[in-house]
Amino acid sequence: MSVERNRDDEYLKFVPHSKSYHVVPGAEFQCKLGSHKCRKLSTIDEQDDDVANRKGMMHQILATCAVLLLSAGCGMPIGYSTILLPQLRDSNSTEIPIDLDTGSWIASVHSLATPFGSLISGPLADYLGRRKTLILSVIPLLLGWSTLAIAKSVKVVILARFLCGFATGILGGPGQVYIAETAEPNLRSLLIGAPYVAYSSGILLVYFLGSMMYWRNVAWCANILPLLAMVSIFCIPETPAWLLRNGHERRALQALTFLRGSEISAQKELNDMKQRLAKERVTTRTNENIFRLCCQRVAIKPLVIVIVFSLLQMFSGTFIVIFYAIDMIAEFGVDFDSKKAAIVTAGVRLVCCMLFCVILIFVRRRRIMIVSGIGSGIFCLALSSYQYATFGQPKMSYDVLVGGGCLLGYIIFNTALMVMPGIMIGELFPARIRGRTAGGVFASMNVALFFFAKNFPALQNALKMRGVFLVFGVSSFLLTAFMCMFQPETKGRSLEHIEDYFNGNNWLWFRRDRGYKTVNLQPLQPNKNDRGTDA
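Taken in order, the sequence shown gives residues -18 to 516; the numbers are from this note's numbering.
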């Protein structure tokens, strides 16, 4: 009680001591209180608070959109190999001839470069700030696309792909952390999945451009989004959490005021952040390095969950289908335009990402992952079983319907699994290591993805497509079982509340403190009383 009283005394410095009233025009009504007439009254404070809430939400969405422009720009090199490799292999093109092994290097080197960017993104995000790190990532992206557009040899193509992957690595962690640290808990459910909508938009855009243009022209056009993103990010504030941790309290209040729409609400949230930061610094040794911090209970649990989930997600085929979409579709053995089919798959993925961001507002995270894992596994096993059953038989016209239907069903369900690692990184890691750990986890994920993407052609030759989808299906079911046991529910929870959960003695979800089990499932609404905290 004394803590609450002290906090209320602090807030009284900024909150008016009495309500102010004004007469609402045209709202007269008769009150039978003797012979007196009265008018309907409305508080100025309530109206101002509603306006501030709407203004703050709009500012948070605009800040996120600036990050999304860059995410879309970094999504384009992810899907670029899908349109580049068929054009280089074209028998009519002898400009830069490639073989199967060279093509696998061109497709996978993007994933090899991403860890290098991810490893430095954490220290950069903690030292320079999330916003400046995002701006910095634009430079190698522009260099990569420009180099690719003028490349005359395979080595230069690989170097250019490396630069684009390096830029994507720098963006990944700070982009997710920026959105997580600037969005309110209810709005965070919608915004934190938005970067993957942008990634999918970039993939769809590069597929579409590649179906109409030569690969060099596509590379030149890909410079437009990064340039627009650089200008947009210049106009948004740094995250209040980073500013406060680095001694910029006045700027943190200014950033919060912009993001919340009200200086009173911003001051309340800033006071809570200051109290938590002071308590954290009392219990943390000043000379502890990142490795020691990551070994603490509050950090090791989310690390294990995110790393295992990412590995199982990778073996469920999420990014492999993006890298080799046209080659996979061509395996169905029917004459049709595989480029247009790849555009359809990218369009379906984009729509699913958008729907998924809306679903995040209403549905719990655990339920989403369970349904997605089971759905992905079922469609993969169905496609694998059909291919085993028809092995050695002549190709029929309906093979493409079965194969395409199963592949689209897999993409619909698997899209949620593609989005979740970024959401988990933004929500699960404790504040003191969030920036550095996000970069390290993205790095390890992409190292594993590089080896998987590089060796996928050999795996496909050994297992054939039917065996590949069997691996995808089994991995999807294993992922579902793992998340049922270990993943906590984070919907509607503040980042501080999630951090308190991992501080508890509970590795398994069913062993949790039952006080954590109730999750706010209300749709997106501004919370006037407890902004940024749980009720």
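Ideal Cβ placement from N, Cα and C applies to all residues, glycine included. Note that the coordinates shown come from a computational prediction; the quantities given were computed from them, not determined experimentally.
Out of curiosity, what's the CA-to-CA distance linking residue i and residue j?
i: N487; j: L49; result: 35 Å
i: V90; j: L144; result: 10 Å
i: S457; j: G354; result: 5 Å
i: S192; j: I59; result: 16 Å
i: R35; j: N395; result: 34 Å
i: N501; j: D80; result: Because the pLDDT of N501 is 44, which lies under 50, any placement of that residue in the model is unreliable, and the number read from its coordinates should be weighed accordingly. Their Cα atoms are separated by approximately 54 Å.
i: S16; j: D30; result: The predicted model places S16 with a pLDDT of 43, which falls under 50 and marks its position as unreliable; any figure quoted below should be read in that light. In a straight line, the C-alpha of S16 is about 35 Å away from that of D30.
i: K136; j: V187; result: 22 Å
i: F239; j: T45; result: 13 Å
i: Q374; j: P469; result: 47 Å
i: I324; j: G183; result: 12 Å
i: I288; j: R447; result: 27 Å
i: L278; j: N484; result: Going by the sequence as given, residue 278 is Arg instead of Leu. Cα to Cα, R278 sits roughly 6 Å from N484.
i: V332; j: I77; result: 35 Å
i: A164; j: P221; result: 11 Å
i: I160; j: V199; result: 29 Å
i: L237; j: A247; result: 5 Å
i: G384; j: I406; result: 34 Å
i: Y482; j: R348; result: 19 Å
i: A434; j: Q294; result: 13 Å
i: C334; j: A141; result: 28 Å
i: M194; j: M401; result: 33 Å
i: S357; j: W223; result: 38 Å
Buried or exposed, going by whether 16 or more other CB atoms sit within 10 Å of the CB of residue i?
i: K443; result: In the sequence as presented, Lys is not what sits at residue 443; that position holds Ala. Exposed is the call here.
i: V158; result: buried
i: P369; result: What sits at residue 369 in the sequence shown is Tyr, not Pro. Exposed, by the Cβ-count rule.
i: E219; result: buried
i: K249; result: buried
i: I39; result: Here residue 39 turns out to be Met, not Ile, going by the sequence shown. Result: exposed.
i: A106; result: buried
i: S102; result: buried
i: A203; result: buried
i: K321; result: exposed
i: M426; result: buried
i: K260; result: exposed
i: Y180; result: buried
i: S134; result: exposed
i: V285; result: exposed
To which residues of the same chain is residue i closer than 7 Å at the C-beta, ignoring the five residues directly before and after it?
i: S366; result: none
i: L(-7); result: Legend: pLDDT at L(-7) = 42, less than 50; position of this residue unreliable, value from coordinates given subsequently. Contacts found: none.
i: F360; result: C387, G390, Y391, F394
i: P166; result: G473, R474, S475, G513
Got a sec: does the ligand NAP put a non-hydrogen atom nearer than 7 Å to the Cβ of residue i?
i: L451; result: This structure lacks the ligand NAP, and indeed carries no ligand of any kind.
Between which residues of its own chain and residue i is the CB-CB distance below 8 Å, once the five residues before and five after are set aside?
i: L225; result: A233, L251, M254, K255, L258
i: L123; result: N204, P207, L208
i: F215; result: I116
i: I351; result: T461, M464, C465
Assuming residue i and residue j form a contact by the criterion Cβ under 8 Å, report the distance between their Cβ atoms to the nearest whole angstrom.
i: W86; j: A130; result: Not quite, the Cβ-Cβ distance comes to about 19 Å (not below 8 Å), so this is no contact.
i: G328; j: L185; result: 6 Å
i: P96; j: V428; result: 5 Å
i: L152; j: Q41; result: Contact flag wrong, Cβ pair sits at about 19 Å.
i: F450; j: L364; result: 5 Å
i: F423; j: G150; result: 6 Å
i: P438; j: E480; result: That belief does not hold up - the Cβ atoms of P438 and E480 are roughly 43 Å apart, past 8 Å.
i: T362; j: G454; result: Reading off the sequence shown, one finds Leu at residue 362, where the question assumed Thr. Yes, they are in contact, since the Cβ atoms of L362 and G454 sit about 4 Å apart, within 8 Å.
For residue i, which residues from the same chain have a beta carbon less than 6 Å from its beta carbon, with the 5 sequence-adjacent residues on both sides left out?
i: K13; result: In this predicted model, K13 has a pLDDT of only 41, less than 50, meaning its place in the structure is not dependable enough to derive any value.
i: G84; result: L66
i: G146; result: H91, A94, T95
i: D511; result: With a pLDDT of 41 at D511, under the threshold of 50, the modelled position of that residue is not reliable, and the figure given next carries that caveat. Nothing meets the Cβ criterion.
i: A33; result: G242, S243
i: M466; result: L489
i: S213; result: A47, L50
i: F296; result: S456
i: A518; result: With the chain running from -18 to 516 in the structure shown, residue 518 is simply not present.
i: P155; result: S102, A106, R111, T114, L115
| field | Segments of 3+ residues assigned as beta strand (DSSP E) that fall wholly inside the segment 31 to 114 | value | none
| Every unbroken alpha helix (DSSP H) inside the segment 114 to 190 [4 residues or more] | 135 to 163, 166 to 172
| 4 or more residues per run - each alpha helix (DSSP H) lying fully within the segment 316 to 390 | 319 to 343, 346 to 370
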